[in-house]
Amino acid sequence: TFLRRLKRSAAMWCALLSALGSAALVVNEQTIPPACAFTLSSMSATINAQAAGADGCEARAWRIAPGKSLDRIQFNTSQSYFEGTDTLDFFAVESDGQLRSLTQHSQPFSASNPIPPVLWLTQATDEVVLVLDAPSGGSSFIMHYSCTAVSGFLLPELLDLWLAIAALIFCICCSVTLWMWCLRRRYQRRTRATESMLVLHSELMRRRAEARGELFAEEQEAERARTSSLS
């Protein structure tokens with residue numbers, strides 16, 4: 005466990021050091037210099053925000069941008085401490101690059117509103133910015149984040165393809181249903197026509213039998229009349 009934590013911490017510091025020199029961030033009309041803004045491109049890392057007095061940054065930002073379509077981000081906070089009016093806020097990066105506060109309906113995390121041990125972000129955003137506004141210089145926290153990518157078949161890039169496939173399947177189902185309905189109607193018409201022919205043939209045979217019977221009765225009657233006249 006200790007080695008795992010050591011490796012995780014080393015990976016986190018490597019990510020933070022490689023992110024130095026990135027562009028400055030502007031949050032709520034406050035400019036965070038590049039030395040105090042970090043970009044994290046890994047799907048999982050640990051943010052170790054120590055007291056700001058060491059680097060002289062009153063506000064620091066961590067931009068989590070793995071470069072993938074994300075379904076959710078989990079934050080596990082093992083340690084947090086806020087002094088005075090220091091706050092920690094979460095922002096979503098919109099498609100136009102603007103930042104939208106994810107705590108706009110509540111208060112940012114502070115001494116009176118501590119960070120929960122486990123936090124989930126499931127809103128539709130692929131990049132999140134954490135901003136620690138710590139003018140007191142004594143606030144700190146240790147937080148591990150883990151990103152979950154969107155499943156391959158749900159990627160926005162494949163949405164048009166899946167819509168086209170769904171439309172094709174719908175058309176095929178409609179065509180098969182219509183074909184089966186037409187086939188059934190044709191079978192019913194043929195069945196009714198066959199039944200009609202059978203009824204007509206049966207009626208014709210009955211009439212012929214009646215005609216033959218009447219003819220035979222007339223012949224018998226004529227034969228009896230001749231016999232009576234001879235006698």
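Residue numbering for the sequence shown follows my numbering, starting at 5 and increasing by one per position.
The beta-carbon is built from N, C-alpha and C at its ideal position, and this holds for glycine as well.
Would you call residue i buried or exposed, if buried means 16 or more other Cβ atoms sit within 10 Å of its Cβ?
{"i": "residue 133", "result": "buried"}
{"i": "residue 67", "result": "buried"}
{"i": "residue 177", "result": "exposed"}
{"i": "residue 167", "result": "exposed"}
{"i": "residue 10", "result": "In this predicted model, residue 10 has a pLDDT of only 43, less than 50, meaning its place in the structure is not dependable enough to derive any value."}
{"i": "residue 171", "result": "exposed"}
{"i": "residue 182", "result": "exposed"}
{"i": "residue 74", "result": "buried"}
{"i": "residue 147", "result": "buried"}
{"i": "residue 173", "result": "exposed"}
{"i": "residue 49", "result": "buried"}
{"i": "residue 220", "result": "exposed"}
{"i": "residue 208", "result": "exposed"}
{"i": "residue 191", "result": "exposed"}
Excluding five sequence neighbours on each side, which residues of the same chain lie with their C-beta closer than 8 Å to the C-beta of residue i?
{"i": "residue 4", "result": "Since the first and last residues shown for the chain are 5 and 235, residue 4 lies out of range."}
{"i": "residue 64", "result": "36, 40, 41, 42, 53, 56, 135, 136, 138"}
{"i": "residue 189", "result": "none"}
{"i": "residue 85", "result": "142, 143, 144, 145"}
For the beta strand (DSSP E) holding residue i, just list the boundary residues, first then last.
{"i": "residue 80", "result": "74 to 85"}
{"i": "residue 122", "result": "122 to 125"}
{"i": "residue 105", "result": "103 to 105"}
{"i": "residue 42", "result": "41 to 44"}
{"i": "residue 147", "result": "144 to 153"}
{"i": "residue 119", "result": "Where residue 119 is concerned, there is no enclosing beta strand (DSSP E), given that its DSSP letter is neither H nor E."}
{"i": "residue 48", "result": "48 to 53"}
With a threshold of 6 Å on Cβ separation, who are the neighbours of residue i within its own chain once the five nearest residues in sequence on each side are excluded?
{"i": "residue 13", "result": "Note that residue 13 scores a pLDDT of 44, beneath 50, so its modelled location is shaky; the value from the coordinates is reported in the next line. Taken in chain order, the list of residues that qualify is empty."}
{"i": "residue 140", "result": "87, 88, 90"}
{"i": "residue 205", "result": "none"}
{"i": "residue 72", "result": "153"}
DSSP puts residue i in a beta bridge; with which residues?
{"i": "residue 220", "result": "In the DSSP output, where bridge partners are listed per residue, residue 220 has none listed."}
{"i": "residue 137", "result": "63, 91"}
{"i": "residue 68", "result": "44, 132"}
{"i": "residue 97", "result": "103"}
{"i": "residue 174", "result": "According to DSSP, which records beta bridges pairwise, residue 174 is partnered with nothing at all."}
Ignore the nearest five residues each way along the sequence and tell me which others in residue i's own chain have a CB closer than 7 Å to its CB.
{"i": "residue 212", "result": "none"}
{"i": "residue 113", "result": "91, 92, 119"}
{"i": "residue 8", "result": "Low confidence applies here, because residue 8 scores a pLDDT of 48, under 50, leaving its location unreliable; read the following figure in that light. Contacts found: none."}
{"i": "residue 222", "result": "none"}
{"i": "residue 76", "result": "124, 125, 126, 152"}
{"i": "residue 83", "result": "145, 146"}
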